[in-house]
Amino acid sequence: MKVVLLLACLALFVVCSEAQRCRGRVRRSEENCVGGRDTGTRRGNRCHRNSNNDMWYYSRRTRSCRKMSYRGCGGNKNRYCSLSACERKCVR
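Just so we're aligned: the sequence shown equals residues -19 to -1, 1 to 73 in mature numbering (1 follows the signal peptide of the UniProt record, and there is no 0).
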């Protein structure tokens, strides 16, 4: 019984972790705060069909992170999954 409960908890953890993953994000080592807003395109070899539509970018003009609608393909490396991730990397 304990093994079944443990496996159920493990399965729930995996499902929740997968649901919180941000699709369409740039690798952390490649993130940068330049380039302005680039929403990408809807076509391409490296499309993220289930990408997050709501992403964030850093605006050098306003010196703040702003929300944008990402299309799933391409774009520059100024793209973050959350406001807090953008601010952590770019706002000083």
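Quick reminder that beta carbons are idealized off the backbone N, C-alpha and C, glycines included.
In this structure N34 is exposed. Its beta-carbon is surrounded by fewer than 16 other beta-carbon atoms within 10 angstroms. Taking the C-beta atoms as reference points, G16 is found no nearer than 9 Å to Y51. Boundaries of the beta strand (DSSP E) harbouring R47: 45 to 50, taken from the DSSP string.
Residue pairing by DSSP places M36 opposite M49 in a beta bridge. Setting aside the 5 residues that flank it on each side, N57 is surrounded in the same chain by G16, D19, each with a C-beta closer than 7 Å to its C-beta; the list follows chain order.
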